[in-house]
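In the numbering used here, the protein residues as written are 7 to 112. Even glycine gets a Cβ: it sits at the ideal position worked out from N, Cα and C. Keep in mind the model is a prediction, meaning the values are calculated, not measured.
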Ligand code: FES
């Protein structure tokens, strides 16, 4: 069982996730609001930025939902990833907001 910190909607949610369950499924099972669409790697709605931790990203995915460049830059699909360690992830929406905020401050 791993600990996952999810930053979504400007809040932090802490939950547990088995190594055999996707981070999206574990969040939804615990009523944590995480963007969800197809749950099959096709739409990209569940895309997250992985800030810390190790994971396995299922290679079966749409390249429109998650490109190779995004994969290389630490993005993942929460519906297709299982943790290999404790993790900190952030929805893409929150990550973009944070980046914009930091660029206006810095
Ligand atoms: S919910 Fe559609 S790609 Fe994850």
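- About 6 Å separates the CB atoms of residue 28 and residue 87; that is less than 8 Å, so the two are in contact.
- Sequence-distant Cβ neighbours of residue 38 in its own chain, meaning closer than 6 Å and more than five residues away, are 19 and 21.
- Per DSSP, reduced to three states, the secondary structure at residue 24 is coil, with no helix or strand assignment.
- The closest heavy atom of ligand 1 lies 8 Å or more from the beta carbon of residue 55.
- By the C-beta density criterion, residue 80 is exposed, having fewer than 16 other C-beta atoms within 10 angstroms.
- In the DSSP assignment, residue 19 is bridged to 12.
- When C-alpha distances from residue 97 are compared across 73, 24 and 30, the shortest belongs to 30.
- For residue 69, the number of other beta carbons within 10 angstroms of its own is below 16, and it is reported as exposed.
- If you check the CB distance, residue 107 and residue 54 do not come in under 9 Å.
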